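A.B. asks: Sharing a structure, written as structure tokens. Questions coming.
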Amino acid sequence: MKISLNWLRDYVATDLDADALAELLTMSGLEVEAVERTGPALDGVVVGHVLDTRPHPNADRLTLCDVDLGDDEPLQIVCGAPNVAPGQKVAVATVGATLMLPDRETGAPTPVEIRRSKIRGEVSNGMICAEDELGLGDDHAGILVLDEDAEVGEPFARYLQRHGRTVGDAVLDVAVTPNRPDATSHLGVARDVAALLDLPLLLPEVDEPTTEGEASFSVEITDPEGCPRYVGLVVRGVRVGPSPEWLADRLRAVGLRPINNVVDVTNYVLHEMGQPLHAFDLARLAGPRIVVRRSRPGEVLTTLDDQERKLPAGTLLICDAEKPVAVAGVMGGANSEVTETTTDVLIESAYFDPVSIRKAAKALGLQTDASYRFERGVDPTAQLQAAARAAALLAEVAGGTVEAPAVDANPVPYVPRTLTVRPGRVAHVLGAEVPEEDLRRLLTAIGFVIEEAEEQEMDAFAEEVMRSESLAAAVAEAEEAGLHVTAPPFRPDVEREVDVIEEVARLWGYDRIPEPATAAVPLAPAGDTPEAAILDRVRTRLVGLGFRELYTNSLVPKATAEAFATTELTGAAVTPVETLNPISQDMAALRPSLLPGLLAAVAYNQARGADALRFFELGHVYGRGDDPAAPVEGYHEHTSLIVGITGPAERKGWAADGREADFFDLKGALLHVLDALALPERQEIPSTEPDALTAYRLFLDAGGRRLGVLGRLSDGLAARYDLQAPLYFAELDAGLLAALARREAPVRYAPISRFPAVDRDLAVLVDEAQPVGPLLDTIRAAAGGLLQSVRLFDLYRGERIAAGQKSVAFALRFGADRTLRDEEVDGRMRKVVAALERAHGARLRG
């Protein structure tokens, strides 16, 4: 929000400079992000009188001028303007002055010092200026000719001030938070400044027209919830044309381009009072009649930006008797806009439901000054006053006549909010005693109405005394009632007592709240939930293995959500959750998986030269579906863990060849993490059939439930994200992982056994399709408690191995706190061989 300091001083007579005012506002909660100085630099520019002109002897398009600047002798100045003539009063930049002139190559304003110079052999002692050379406009057709009342030798800046022109200004760029819609106007910011400096707020005088009698048009509101109030006021006989300079200067200061006096007046009142207005050409309205209704399927409207827009069903519209003429609170239609031929103007000043306007603006992709304010909530009582203010200005700058009566359709009148504020509570929350006199003064200055509690509570107090067994208790309860404070209508954010206390704090001064000498520190630190503690163990282990944690956006494009909402990753059908009012199309749905974020991170890093990537993320994923444990019916949400690995696993060196990461690098890292959680009955289920997301995968179950999936990303998806190396990833249900994990057992010291271990190797023949994981499980079960470890150390296919079979060899280590006998180990090995043959059809390799 841009606030002009010159404009602001119309409403509060402060002599603070821009920097001091920016500091004052920032410390009160309205952060000023920047201060921009605007306006021309006019030092050294004076009023001159052209006494005589003659052609330049060496240039056809140049003129020699004798100019009186109020000194003893006139000066010769070379001028190239075609309109220079004797007798004119002109603006002259004297030698030594600096003007912001456009660069010949780029056109950007560049400081140029005016010097005494020769132009085609003739001396020039200054420069007679055009409008654009002075920073007063865009006109460069000729020099700027001043009024006859200009005094020769007078500083040009003083001349402009006498004619109501802005010489220079400072513009404050205020970052308005969504809870402060009142600060989206000069009057709103001035109200805060007046309260902070204890100065009066100077409101513009407005004569509100009567609303009694028969008007020349009618207003019908069919949706009172979407439009609780609509004010219309007609101004007849206007002459559409350029705005006066004072009005154009005000709009330029806040970044607006002047259009014509009618449109400029509506923009002026918007930035002055915060109430958006719209001007209709009354002659182009059928009826004439205004109907406020919701859009019907298939309706279209060409808006003021000449774009034909298909209106989503349910959009709040302003219509005449036949057609839509504006999208309520967002933008008007081209079929009713004010043109050069307009003579009668209907001024619209309304209050629209913020939610309705926000939905319409997002659906249409339109963000306007009007929708920005309506979305946050404008003053629901200021519509007639704003319309009257605009009508009076139109009568002044466009020569119109304000017609009475105005139409004020108000099916849902505003109901003020009255709160109870306890001075004792203010002191308790702020940690400082705010004098009640200051509390009343500050709240009253920003529009709050404070009613005397003594007058309102006297009867109730007396009645309570009669009912109460204790006079002291009745007195305490009456005191607890505190002050009755009515929030101003332009502060929809003030709903509770603590909101009022916040207003007191920011105006009284946060820097006046003393720092406590002591602070209470809890004896016991806050503990994590069991799930958080387990997931923190997972995070710590992955970081220890060299993985970096990601934090990606939970909002994704709708197409992405649909592409990754597959049963392959989750084991159950998932319907994506779409957002009702997306900020953009890239944030139209909630992610059903963490995989899109991982892919984006890998692609981003690979594109910048990184290759050995190890990532993981713990985050929430969402979907539609039945979940009895979900806080919102019809939706489910859980924490997911994704782990990804791609690029070199080992770099090539002088002593070893390099190696690319593969599926087993991922599986080894993940199982290292899962082993520490002691999951029950873990089972691995491989699948080599490719799908949309993976080339092959391995499902992981625990406790009879699907924990997640490990896999290699499909070639098609890798190509879509332009990945430069295969990506191996695993996505697990982290919530289920935490629920199944056992509590971390205390670490205990175990001495190294004094007794030697016994190592045995075992090679068996199995079918080619036989996974090794079940073989390992069978070996562990059959070998019993003497088995310390088992690992696969060889896999062989080829000579002397039948087709369709493979040889797998395992290394088994047995041990105990005693010396093992060979017959004990031999017996366990026989049991292992028998179990493998019985369960998997394995044969001992000869």
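Numbering-wise, the sequence shown is residues 69 to 914 according to the numbering used here.
Heads up, the beta-carbon is just placed ideally off N, CA and C, and yes, glycines get one too.
Please read all numbers here as calculations on a predicted model, not as lab measurements.
1. What are the boundary residues of the alpha helix (DSSP H) that includes Pro491?
2. Using the rule of at least 16 other Cβ atoms within 10 Å of the residue's Cβ for burial, across every protein chain shown, is Asp260 buried or exposed?
3. Please report how far the alpha carbon of Pro422 lies from the alpha carbon of Ala450, in whole angstroms.
4. Quick check: what's the CA-CA separation for Leu662 versus Glu685?
5. Select from Asp136, Met897, Gly97 and Pro246 the residue whose C-alpha is nearest the C-alpha of Val561.
6. Am I right that Arg493 and Glu563 are in contact with their C-beta atoms under 8 Å? What's the rounded C-beta distance?
7. Opposite Lys874 in the DSSP bridges: which residues?
8. Taking all protein chains shown into account, do 16 or more other C-beta atoms lie within 10 angstroms of the C-beta of Glu141, making it buried, or fewer, making it exposed?
9. Can you say whether Gln435 is buried or exposed, counting buried as having 16 or more other CB atoms within 10 angstroms of its CB?
10. Let me confirm a value: Gly232 is counted as buried when at least 16 other C-beta atoms fall within 10 Å, else exposed. Which label applies?
11. Taking Ala225 as the reference, which of Gly155, Glu219 and Val235 has the closest Cα?
12. If you reduce the DSSP assignment to three classes, tell me which class Ile514 lands in.
13. Flag this pair as yes or no: are the beta carbons of Phe516 and Glu416 separated by less than 8 Å?
14. How should Val977 be labelled, buried or exposed, when 16 other C-beta atoms within 10 angstroms of its C-beta is the threshold for buried?
15. What number of angstroms, rounded off, separates the C-alpha of Ala459 from the C-alpha of Glu443?
16. Name the DSSP bridge partner or partners of Ile211?
17. Any chance the segment 468-475 sits against the segment 298-310, with 3 or more Cβ pairs inside 8 Å?
18. In angstroms, rounded to a whole number, what distance separates the CA positions of Thr290 and Ser439?
19. Please work out which residues of its chain come closer than 8 Å, Cβ to Cβ, to Pro557, disregarding the five sequence neighbours upstream and downstream, and give them in chain order.
20. May I have the straight-line CA-CA distance separating Val191 from Arg184, to the nearest angstrom?
21. Please report the residue range of the beta strand (DSSP E) in which Ser857 lies.
22. Helix, strand or coil: which one does DSSP assign to Glu547?
23. Considering Asp476, what are the terminal residues of the beta strand (DSSP E) in which it resides?
24. Which term fits Lys430, buried or exposed, when burial requires 16 or more other beta carbons within 10 angstroms of its beta carbon?
25. Taking the alpha-carbon positions, what's the Asp373 to Val322 distance?
26. Using 10 angstroms around the beta-carbon of Met526, count the other beta-carbons present and answer buried if the total reaches 16, otherwise exposed.
27. So, is the C-beta of His124 closer than 8 Å to a C-beta in chain D?
28. Would you tell me roughly how many angstroms separate the C-alpha atoms of Ile337 and Ser622, rounded to the nearest one?
29. Less than 8 Å between the CB atoms is what I'm expecting for Leu747 and Val711, so what's the real figure, rounded?
30. To which residues does DSSP link Thr488 through a beta bridge?
31. Please report the distance separating the alpha-carbon of Ala879 from that of Leu658.
32. For the candidate residues Gly772, Thr586, Arg859 and Leu511, whose alpha-carbon lies nearest to that of Asp266?
33. For Asp885 and Ala600, what's the separation of their Cα atoms in angstroms?
34. Do the segment 90-109 and the segment 276-284 make contact, defined as three or more Cβ pairs closer than 8 Å?
35. Specify, as a first and last residue, the run of the beta strand (DSSP E) that Gly687 falls within.
36. Does the beta-carbon of Glu405 have 16 or more other beta-carbons within 10 angstroms, so that it is buried, or is it exposed?
C.D. replies: Concretely, from the data shown:
1. Pro491 to Leu498
2. buried
3. 16 Å
4. 8 Å
5. The sequence shown places Asp at residue 561, rather than the Val named in the question. Among Asp136, Met897, Gly97 and Pro246, the Cα nearest to that of Asp561 is on Pro246.
6. Their Cβ separation, rounded to whole angstroms, is 16 Å, which puts Arg493 and Glu563 out of contact at 8 Å.
7. Val834
8. Exposed, by the Cβ-count rule.
9. Exposed: under 16 other Cβ atoms inside 10 Å.
10. exposed
11. Val235
12. Of the three classes helix, strand and coil, the one that applies to Ile514 here is coil, per DSSP.
13. Between Phe516 and Glu416, the C-beta spacing is not below 8 Å.
14. Residue 977 lies beyond the stretch modelled for the chain, which goes from 69 to 914, so this question has no answer here.
15. One C-alpha to the other measures close to 25 Å.
16. Ala198
17. yes
18. 21 Å
19. Asp447, Pro448, Thr449, Ala450, Tyr482 and Pro484
20. 7 Å
21. Leu855 to Tyr864
22. For Glu547, the pLDDT reaches just 48, beneath the cut-off of 50, and the residue's location in the model is therefore unreliable, leaving the point undetermined.
23. Val475 to Ala477
24. buried
25. 21 Å
26. Summary for Met526: the model assigns pLDDT 43, below 50, so the residue's position carries little reliability; its value from the coordinates is reported in the next sentence. Met526 counts as exposed, since fewer than 16 other beta carbons sit within 10 angstroms of its beta carbon.
27. Checking the listed chains, one finds no chain D in this structure; it contains a single protein chain.
28. Note that residue 337 corresponds to Val in the displayed sequence, not to Ile. Note on geometry: alpha-carbon atoms of Val337 and Ser622 lie some 41 Å from one another.
29. That pair is no contact at about 16 Å.
30. As computed with DSSP, Thr488 is found in a beta bridge with His552.
31. 48 Å
32. Leu511
33. 38 Å
34. no
35. Leu681 to Arg692
36. buried
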